[in-house]
Amino acid sequence: EATEELEAAKIRFFKNVGKPLTNASRPADVAAALPRSLDDAIGLARKNNPRVHMANSDIDAASSLVDAARAKYGPTITAEGVARGGYDIDGDNGDTSDLQARVVLRWNLYRGGIDKANEQEQIRRTSEQRLAMHQVLREIEEAVRTSWDRRFRQADLAKTLRQQAATNEKLVASYREQFKVGQRSLLDVLDAQNTRFNTATLADTSSYASLFAEYRLLAATGELLKTLNIQPPKQATAYAQTEFGVPATADTETYARTPSEQKNDLPFDILAPVRKK
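Under our numbering, the final residue of the sequence shown carries the number 279; numbering is consecutive throughout.
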């Protein structure tokens with residue numbers, strides 16, 4: 003069963019990393035790179051976690067769609083050019099050669115409320131993305147708190163189990179001596195050895211669980227790559243907003259909303275044909 007679990011772990015490693023697991027060893031201790039307090043860890047996570055950056059980018063994208071929807075209210079100015087040439091065009095005898103260049107302003111002053119409805123839709127989609135970001139923040143904080151607590155609890159458990167394993171080692175030695183003089187049976191010795199082995203295994207498991215919690219904490223705070231001296235790919239850098247001088251999105255929603263419910267005081271009631279009398 004243990005061998006089967008080991009092979010399953012190797013398969014999961016290959017699935018996530020894309021390379022086979024060879025020459026595995028205990029990861030380095032990263033306690034020195036961890037935040038000093040739980041509050042510091044939560045603050046780092048809310049600032050540096052990649053999921054937060056992704057959620058903020060989604061808000062920026064949704065906010066840009068609001069601006070695009072509002073652009074429909076204004077006129078459009080286009081430069082147009084037309085050239086044609088030929089013989090007997092438009093019923094006129096002879097050669098024809100026309101060149102036209104013009105600047106055209108078009109402004110649709112009324113479209114039946116389509117532009118207003120589109121603007122309100124995009125505003126609500128922006129609110130949806132803000133709610134998604136708050137959900138991400140709650141999930142990240144949960145991960146930080148869980149890893150922080152698990153790190154200390156598993157470390158304390160490993161310490162206790164090591165002490166118990168040391169006691170069991172002495173007990174096994176004592177049972178062996180008693181077995182030699184006939185005061186203990188072979189079953190007693192084997193049972194003590196089994197207890198010693200299980201306790202030592204649990205101690206190692208708790209130690210690795212504490213170490214894994216440290217790495218999870220680094221991942222949640224967005225400091226894992228920095229700690230491992232790994233440079234993220236260039237695609238991970240959000241450069242477009244700075245490159246094109248796009249203003250930062252406001253921290254809170256500032257858009258004006260209109261009620262989404264149908265009202266009878268509108269110029270016309272589109273539900274009137276199907277409304278029950």
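Where is the CB? At the ideal position from N, CA and C, for every residue including glycine.
- Look at the beta carbons and you see the segment 125-141 not touching the segment 19-39: under three pairs across the two are nearer than 8 Å.
- Under the DSSP assignment, residue 232 falls outside any beta strand (DSSP E); it carries neither an H nor an E label.
- Between the alpha carbons of residue 261 and residue 122 lies a distance of about 9 Å.
- Shown here for residue 145: same chain residues with a beta carbon closer than 6 Å to its own, the five before and five after excluded, namely 222 in chain order.
- The Cβ atoms of residue 201 and residue 156 lie no closer than 8 Å to each other.
- Of the candidates 107, 154 and 224, 224 places its Cα closest to the Cα of residue 234.
- The three-state secondary structure of residue 255, taken from DSSP, is coil.
- Going by beta carbons, residue 68 and residue 125 fall inside the 8 Å limit.
- Looking at 147, 92 and 106, the one whose alpha-carbon comes closest to that of residue 78 is 106.
- CA-CA distance, residue 59 to residue 88, rounds to 54 Å.
- The C-beta distance from residue 103 to residue 76 rounds to 23 Å, too long to meet the 8 Å contact threshold.
- Straight-line measurement puts the Cα of residue 153 at about 25 Å from the Cα of residue 169.
- Note on the segment 61-96: whole beta strand (DSSP E) runs with a minimum of 3 residues are 78-89, in chain order.
- Excluding sequence positions up to five before and after residue 92, its CB lies within less than 8 Å of the CB of 98, all in the same chain and listed in chain order.
- Shortest Cα-Cα distance from residue 132 to any of 114, 255 and 176 involves 255.
- Comparing C-alpha distances from residue 39 to each of 250, 219 and 190 shows the shortest one belongs to 219.
- Rounded to whole angstroms, the separation of the alpha carbons of residue 213 and residue 180 is 39 Å.
- A residue is called buried when at least 16 other Cβ atoms come within 10 angstroms of its Cβ; residue 177 meets this threshold and is buried.
- Under the three-state reduction of DSSP, residue 248 is assigned to coil, being neither helix nor strand.
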